[in-house]
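Which chain is which? The protein sequence lines are W and Y, in order.
My numbering applies: residue 384 is where the first sequence begins, and numbers increase by one.
My numbering applies: residue 509 is where the second sequence begins, and numbers increase by one.
Report on the structure given below.
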Amino acid sequence: MASLQIVDVRKAYGPTRVIHGVDIAIDDGEFVILVGPSGCGKSTLLRMIAGLESITGGEIRIGPRVVNDVPPKDRDIAMVFQNYALYPHMTVAENMAFSMKLRKAPKPEIEKRVSEAAEILGLTKLLDRYPRQLSGGQRQRVAMGRAIVRDPQVFLFDEPLSNLDAKLRVQMRTEIKQLHQRLKTTTVYVTHDQIEAMTMADKIVVMHDGVVEQIGAPLELYDRPANLFVAGFIGSPSMNFLKGHLQGGRFVSDSGIALPVANAPAASDGKPIIYGIRPEHFILDDTNGLSAEVSVVEPTGSETQVFAKFAGSDVVGVFRERVNAKPGQQIRVIPDPNLGHLFDEQTGKRI
Amino acid sequence: MKAVGLRILFYLAVVLLALIVLLPFLWMLISSLKTQIDIVAWPPKFIFSPTLQNYYKVFGEQDFIRYFINSTIVAVFAVGVSLLLGLPAAYSIARFSQRRLAMVILLARLMPGISFLMPWYIIFSRLGLMDSYVALVLSHVLITLPIVVWIMSSYFETIPLELEESAMVDGASRHYIFLKIILPLSGPGIITATTLSFIFSWNNFLFSQVLSMEKTRTLPIAVFNFLSYADIDWGGVMAASVAIMAPALVLTMIFQRYVVSGLTMGAVKG
Ligand SMILES: Nc1ncnc2c1ncn2[C@@H]1O[C@H](COP(=O)(O)OP(=O)(O)OP(=O)(O)O)[C@@H](O)[C@H]1O
Ligand SMILES: [Mg+2]
Numbered sequence: 384m385a386s387l388q389i390v391d392v393r394k395a396y397g398p399t400r401v402i403h404g405v406d407i408a409i410d411d412g413e414f415v416i417l418v419g420p421s422g423c424g425k426s427t428l429l430r431m432i433a434g435l436e437s438i439t440g441g442e443i444r445i446g447p448r449v450v451n452d453v454p455p456k457d458r459d460i461a462m463v464f465q466n467y468a469l470y471p472h473m474t475v476a477e478n479m480a481f482s483m484k485l486r487k488a489p490k491p492e493i494e495k496r497v498s499e500a501a502e503i504l505g506l507t508k509l510l511d512r513y514p515r516q517l518s519g520g521q522r523q524r525v526a527m528g529r530a531i532v533r534d535p536q537v538f539l540f541d542e543p544l545s546n547l548d549a550k551l552r553v554q555m556r557t558e559i560k561q562l563h564q565r566l567k568t569t570t571v572y573v574t575h576d577q578i579e580a581m582t583m584a585d586k587i588v589v590m591h592d593g594v595v596e597q598i599g600a601p602l603e604l605y606d607r608p609a610n611l612f613v614a615g616f617i618g619s620p621s622m623n624f625l626k627g628h629l630q631g632g633r634f635v636s637d638s639g640i641a642l643p644v645a646n647a648p649a650a651s652d653g654k655p656i657i658y659g660i661r662p663e664h665f666i667l668d669d670t671n672g673l674s675a676e677v678s679v680v681e682p683t684g685s686e687t688q689v690f691a692k693f694a695g696s697d698v699v700g701v702f703r704e705r706v707n708a709k710p711g712q713q714i715r716v717i718p719d720p721n722l723g724h725l726f727d728e729q730t731g732k733r734i
Numbered sequence: 509m510k511a512v513g514l515r516i517l518f519y520l521a522v523v524l525l526a527l528i529v530l531l532p533f534l535w536m537l538i539s540s541l542k543t544q545i546d547i548v549a550w551p552p553k554f555i556f557s558p559t560l561q562n563y564y565k566v567f568g569e570q571d572f573i574r575y576f577i578n579s580t581i582v583a584v585f586a587v588g589v590s591l592l593l594g595l596p597a598a599y600s601i602a603r604f605s606q607r608r609l610a611m612v613i614l615l616a617r618l619m620p621g622i623s624f625l626m627p628w629y630i631i632f633s634r635l636g637l638m639d640s641y642v643a644l645v646l647s648h649v650l651i652t653l654p655i656v657v658w659i660m661s662s663y664f665e666t667i668p669l670e671l672e673e674s675a676m677v678d679g680a681s682r683h684y685i686f687l688k689i690i691l692p693l694s695g696p697g698i699i700t701a702t703t704l705s706f707i708f709s710w711n712n713f714l715f716s717q718v719l720s721m722e723k724t725r726t727l728p729i730a731v732f733n734f735l736s737y738a739d740i741d742w743g744g745v746m747a748a749s750v751a752i753m754a755p756a757l758v759l760t761m762i763f764q765r766y767v768v769s770g771l772t773m774g775a776v777k778g
C-alpha cells in the first residue's frame, strides 16, 4: 500500500493535448474515483499511472518513488480492465496465479493466495475453468481476483462494471466497496457513472476536457459544487439552472420571477448569475409557492418526479409526496432558500 | 422467382469454378493411370484398363525417394527459419505499426523470383554453396518468410491489446508476453502460415532448378526430368505430379479448417 501523487501531469498525442496539468493527491488506503464525461481523459490518466502511456509532463509518484520512467511491470500495481483481459488459454487459477508466478513467489504461497482470493470472491468452484466457460459476472470476479492475489501498492480499475447488467452492477459495487474496506489498498477507479462514484468513493475527482474540475468527498461535491460543470454532472436527475441576476438579496430570473436566497453576497447585485437548485430541493407549498406548469409526472413509488415549466425554464422536481397533477395543470413550488447554489455566469464558478 | 433464378445461377457459377480448378487435376490423375498410347489417343478415352506402370517408373527408374527427401528437408527448414524470423517480425509489425517494414517484405514477394536468381547464383557459387541445402533453404525463405510475416502480422493485430497490457502490469516482459501469451493464442494463424508456406516451398521449381544439382534436386525437378527425354513421357509426368501434389494436398485437407479461419481472421480487421 502506498500514497499516490499526481503532480501537474500532462499528456499529448503529438500535437493533440488531452490532459492539461492535473494535480491529485491520494492518501494511503484511499478509494478515489475519477469521473467525467466520455473523452475527458480518465482512462488516459489511469493508464499513465499504470505506465501503459508515457507521461508528457509532470510527475507521478507511488509512495516516495517517482515512477515516470518505471515500466509497468516494476510499478507494483494491479489493474482491472473494462473487458477484463483474462488470458483465454489459462484456467481461472492460472489467471490468478500469473502475476505471482512472474514474481517467482514460492508455489505453496501462490496456492494459498489464490485459494484465499477465490474464497473471498466465491470462485472456489470455478478454479479449473477457462474464461470462455464463465459468465460475464464470473469473469469480472476473476479479473478482480487476479488483482487482489498479489497485494499490490495500488489498484487501478477502468470501468470494471460497465459490461455487467444493471442488477449485477449494483451488487458488484457493494462487493468492491467491501473488498476495499477489508484490504485497504489504495485504489483509483475510473467510471463515467456518477452514481457509482457517489456510492463507492472516499474521494471523487471530477474531470472534464483534460482538467480537474473539483476534488472532494462525494457529499462535499454534491452540497458545494465548485462550478457549473460539477453542479450539473453530479446528481441524478441533475441540478436545475435558472439564468438571472441578484437584487437586494434575492435572485431575479430573466423572466422576472424573484426567488429568496439565504445570505446572498450584497456586492454581486446586478451581475449575471446562474441559480442552481437540485430537484429534491423544491418544496410543494400551496401558500407561498410560485406556480409551475406540469408537463410530465413520473411516479416511482417512493418518490415522484415532476417535469415542469418554472420561472421561464424547464425544470425537474423530485418529491417524497405523491403529486396528483396532470400535464398542463399548475402546481405551486418554491426552492428551499437555504439550498440554492449561485454561480457566476461568466466564469461558471460558485459564488 | 427471381431469388430462385439467382440461386441457380450461383450454383452454376460454383460448379463452373470448381470444374475449372478440378478438371486439370482429374485429367492428371486419370492420365497417370493410363499407358502412353491411351494418353495421346483421340478422342480421349474415358474407359481404359488402369495401370500403375507410370508409378513404378517414377519410383523405380528415377531416384524419386531422394528427391522427396530433399524437398522435405528444404521445405521443413525453409518454413522453420521463416517462423523463427517471421513470427517476431510480424509481432513487431503488428504492435509497433511498422507498415514500412511490412511493405519492404511484401516487395520481396512481389518482385519476380527470377530477378534474385543471378545475384544468388553468383553469391552461392563464389561461396561454394551451389548444390547445398543451405543455398536452397535460403532461397526458399525468400518465398516463405513474406507469407509468414503477412499472415501473422494481421493475425496478431486481432489479439486484444489489453491482454498484453494486463500481462505487462502483472509483471511480464515483452519477450515473456510474446512467448507465453501471444504465441499460445496464435495456433490457427501459425498453422495457416505453416501450411501455406510449406506448400509454396514444396512446389517451387525455379530456385531448385538453378541452385541445385544432383545432390539437392527437389521434386518439381523430377517432373521436369520426364520432359527432357527425347519424347515426352506424359504418363511419367502425370504420375510424378500426382505423387508430388499428394503431401501438399493431404496437409491442406488436415489443416483446411484452420487455414480458412486463419486467413479470414486477419482479413476481418484490415
Ligand atoms: N492514441 C491516441 N491518439 C490521439 N488521441 C487519443 C489517443 N487516445 C486517446 N485519445 C484522446 O484522448 C482523449 C481522452 O481519452 P480517454 O480514453 O482517456 O477518455 P475517457 O475519459 O476514458 O473516455 P471514456 O469514458 O469514453 O472511456 C479523447 O479525446 C481521445 O480522443
Ligand atoms: Mg475510458
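C-beta: ideal position from N, C-alpha, C; glycine also.
Give me the Cα-Cα distance between Y:PRO731 and Y:GLY621, rounded to the nearest whole angstrom. Reading off the sequence shown, one finds Val at residue 731 of chain Y, where the question assumed Pro. Looking at the two C-alpha atoms, the distance is approximately 20 Å.
Residues in the same chain with beta-carbon distance under 7 Å from Y:SER749, minus the five sequence neighbours each way, listed in chain order, please. Cβ neighbours of Y:SER749 beyond the five flanking positions: MET536 and VAL731.
Going by DSSP in three states, W:LYS550 sits in which element: helix, strand or coil? helix
Let me know if W:HIS724 comes out buried or exposed under the rule of 16 or more other beta-carbons within 10 Å of its beta-carbon. So W:HIS724 ends up on the buried side.
May I have the straight-line CA-CA distance separating W:TYR470 from W:PHE540, to the nearest angstrom? 18 Å
Under 9 Å between C-beta atoms, does Y:PRO696 make it to chain W? no
For Y:VAL776, which of helix, strand or coil comes out of DSSP? The pLDDT assigned to Y:VAL776 is 36, lower than 50, so where the model puts this residue is not dependable; a value taken from the coordinates is nonetheless given after this. Note: Y:VAL776 maps to helix in three-state DSSP.
Separation of W:PHE612 from W:HIS403, as counted between CA atoms: 17 Å
How is W:ASN646 classed by DSSP in three states: helix, strand or coil? coil
Please list the terminal residues of the continuous beta strand (DSSP E) segment that includes W:PRO718. Taken as a continuous stretch (DSSP letters only), the beta strand (DSSP E) holding W:PRO718 covers 713-718.
Contained beta strand (DSSP E) runs [length at least 3] in the stretch 599-675 of chain W, N- to C-terminal order: Complete beta strand (DSSP E) runs here, min 3: 623-630, 633-636, 641-643, 655-660 and 665-667.
Using a Cβ cut-off of 9 Å (strictly closer), state whether Y:SER633 contacts chain W. no
CA-to-CA distance, Y:PHE533 to Y:LEU527, given in whole angstroms: 10 Å
Would the beta-carbon of W:GLU439 be found less than 8 Å away from any heavy atom of ligand 1? Per the sequence presented here, residue 439 of chain W reads as Thr, with Glu not at that position. W:THR439 Cβ: outside cutoff for every heavy atom of ligand 1.
Can you name the residues of chain W whose CB is closer than 8 Å to the CB of Y:MET676? GLY434, LEU435, PRO454, PRO455 and LYS456
Short check: CB of W:ALA549 to CB of W:ILE416, under 9 Å? no
Just to confirm before moving on: does the CB-CB distance between W:LYS394 and W:VAL573 stay below 9 Å? no
If we call anything under 9 Å between Cβ atoms a contact, is Y:ILE690 one with Y:GLU672? yes
In the DSSP output, what is Y:ALA597 paired with across the bridge? Answer by DSSP bridge pairing: none, since Y:ALA597 is not bridged.
Please identify the residue among W:ALA488, W:ARG661 and W:ASP669 whose C-alpha is closest to the C-alpha of W:ASP719. Ranking W:ALA488, W:ARG661 and W:ASP669 by Cα distance to W:ASP719 puts W:ARG661 first.
Using the beta-carbon count (16 or more within 10 Å), is W:ARG364 buried or exposed? The structure shown does not extend to residue 364 of chain W, since chain W is modelled only from 384 through 734, so no value can be given for it.
Check whether W:ILE690 and W:VAL706 have beta carbons under 9 Å apart: Reading the sequence as shown, one finds Phe at residue 690 of chain W and not Ile. It is not a contact, given that the beta carbons lie outside the stated cut-off.
Please decide whether Y:ILE689 counts as near chain W, where near means a Cβ-Cβ distance under 9 Å. yes
Shorter than 9 Å from the beta carbon of Y:GLU665 to some beta carbon of chain W? no
So, do the stretch 618-636 of chain W and the stretch 666-685 of chain W have three or more beta carbon pairs nearer to each other than 8 Å? no
What is the DSSP secondary structure of W:GLY505, counted as helix, strand or coil? coil
Closest by C-alpha distance to Y:PRO549, when choosing among Y:LEU757, Y:ALA583 and Y:TRP742: Residue identity differs from the one stated: residue 549 of chain Y is Ala in this sequence, not Pro. The residue with the shortest Cα to Cα distance from Y:ALA549 is Y:TRP742.
Span of the alpha helix (DSSP H), counted from its first residue to its last, around Y:GLY568: 561-568
Reduced DSSP secondary structure (H/G/I, E/B, other) of W:ILE409: strand
Residues of chain W with CB under 9 Å from Y:ALA583, in chain order? Chain W residues near Y:ALA583: none, gap ~29 Å exceeds 9 Å.
Within-9 Å CB hit, W:THR474 to chain Y: no
At a Cβ threshold of 9 Å, is W:MET462 touching chain Y? yes
Residue environment, Y:HIS683, which counts as buried when at least 16 other CB atoms sit within 10 Å: exposed
Backbone CA spacing between Y:THR702 and W:GLY505 [nearest angstrom]: 43 Å
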